[in-house]
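If you want the working numbering, it's the 1-based position in the sequence shown plus 71. Each residue gets a CB set at the ideal place from its N, CA and C atoms; glycine is no exception. Here the structure comes first, spelled out in structure tokens, and everything after it is commentary.
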Amino acid sequence: MCELCNISNIDEVYDLLQENLKLPLYFGRNLDALYDSLSADVKGPFKIVWLDHASSASVLGEIYYEGLIDIFRAVASERDDVILVLEPVDE
């Protein structure tokens, strides 16, 4: 499981995901590489919980925030062994 909370920048997101989900060493630390790794390289089952995700929007900026949400939702819908929880309320 990877729990995201009190995010201050995109590198923190990448660090937490890499540490908790064991992203491959060749992970490119960009949104395209994140999608590729989560959809094919990370062994399931796994869960991503993003606490206070809405408050991270202003810190991350629209491109990264929306990109992360889109990637997490896409991977969760494509893989039966992935759970996404957006708290406090799933949009």
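Next on the checklist: Please return the same chain residues whose Cβ sits closer than 7 Å to the Cβ of Glu147, not counting the five positions on each side in sequence.
Outcome noted: The sequence as given places Ala at residue 147; Glu does not occur at that position. The residues are Val153, Ile154, Leu155.
Item to check | N-terminal and C-terminal residue of the beta strand (DSSP E) that Val153 is part of | outcome: 153-157
Checklist entry - Relative to the C-alpha of Lys93, which residue among Asn77, Leu102, Cys73, Ser79 is closest? => result Cys73
Checklist entry - Secondary structure at Leu105, three-state DSSP: helix, strand or coil? => result helix
Checklist entry - What is the rounded straight-line gap between the Cα of Glu90 and the Cα of Asp151? => result 22 Å
Checklist entry - How should Ser108 be labelled, buried or exposed, when 16 other C-beta atoms within 10 angstroms of its C-beta is the threshold for buried? => result buried
Checklist entry - Skipping 5 residues on each side, what residues in its chain have a beta carbon closer than 6 Å to that of Val120? => result Counting only Cβ-Cβ distances below 6 Å, and skipping sequence neighbours, we find Glu74, Val156.
Next on the checklist: Rounded to the nearest angstrom, what separates Ser141 and Leu96 at their Cα positions?
Outcome noted: It is Asp, not Ser, that sits at residue 141 in the sequence shown. Taking the straight line from one Cα to the other gives about 23 Å.
Next on the checklist: Using C-beta distances below 8 Å, list every residue in its chain close to Ser110, excluding the 5 sequence neighbours before and after it, in chain order.
Outcome noted: Ala145, Val146, Glu149, Arg150
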